[in-house]
Amino acid sequence: MKHDRTIRGFFPSCGSAPKSLFLFPFLLFLLPGCEPPAVDRTCNPQDAWSCRQTGFFCGATPFGGRCVPWSCGDGFQDAPEECDGVDAVSCASYIGGTGSFSCDASCRWDFSGCSRCGNRVLNGLEDCDGDRFADGFSCEALGYSGGQVECLPTCRVSTLHCLP
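Start counting at 1 in the sequence shown, then tack on 38, and there's your number in my numbering.
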């Protein structure tokens, strides 16, 4: 069995590993003198299941095909990360709207830079949406003597109807 060959040999101080190891990975840490099964273990990046089952991943370059612990910010997207080191991505291409989203410091997507113009809710970087305006958007607040600001279809404020 391929699974038995994969497991055998990296528990030198433990004797043979249980045959149903994949069902009980937590037992490995309870056996006296045993190390986690994937620590510093050689792996094949195309078949990295033996690393992943214990919370590690098979790192190719620069790790040289060794099982290594996942780490947010290492440039590799590992479970349970949603992202890792991704540059800003256009909101329009994924969730609609304008702006961009990116990967935050905890390797989760941060959509705060996105806005969904037209839903009558101020989102992200919108100045206005429908008849709703962000604080500070009135003709008087913008230095005009009066008039009415207008919300454009792009959720930006127009001062076209403000009086000088």
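Built from N, CA and C at the ideal position, the CB exists for glycine as well. Note that the structure is a prediction, hence the values are computed from the model and not measured.
- Would you mind stating whether Gly123 and Gly113 have Cβ atoms separated by less than 8 Å? yes
- Query: Can you tell me the Cα-Cα spacing of Asn161 and Cys89, whole angstroms?
  - Reply: 41 Å
query: Is the CB-CB distance between Cys121 and Ser144 below 8 Å?
result: No, they are not a contact pair.
Open item on the list: Ignoring anything shorter than 3 residues, give me the beta strand (DSSP E) runs that lie fully in the segment 129–186, in order along the chain.
Closed with: 136–141
message: Could you give the first and the last residue of the continuous beta strand (DSSP E) run that contains Val106?
response: Where Val106 is concerned, the enclosing beta strand (DSSP E) stretches over Arg104 to Pro107.
Original post:
Hey, how far is the Cα of Glu178 from the Cα of Pro191?
Top reply: One C-alpha to the other measures close to 22 Å.
(message) Taking the straight line between their C-alpha atoms, what separation do you get for Cys81 and Cys129?
(response) A direct Cα-to-Cα measurement between Cys81 and Cys129 gives close to 37 Å.
Subject >> Residue from Cys155, Tyr182 and His199 whose Cα sits closest to the Cα of Arg170 >> reply: Cys155
Reduced DSSP category for Cys189 - H, G, I as helix; E, B as strand; rest coil:
Three-state DSSP puts Cys189 in a strand.
Considering Cα atoms alone, identify which of Pro202, Glu119 and Trp108 is closest to Trp147.
Nearest of Pro202, Glu119 and Trp108 to Trp147, Cα basis: Glu119.
Report task. Kindly give me the distance between the Cβ atoms of Cys166 and Cys189, rounded to whole angstroms, as I take these residues to be in contact under 8 Å. Result -> 4 Å between Cβ atoms; contact.
Query - Buried/exposed call for Gly135, threshold 16 Cβ in 10 Å - result: buried
TODO: Have a look at the DSSP bridge pairing and note the partners of Leu198.
DONE: Its beta-bridge partners do not exist; DSSP assigns none.
### Task
Could you please give me the residues that DSSP links to Phe94 through a beta bridge?
Phe94 is bridged by DSSP to Pro107.
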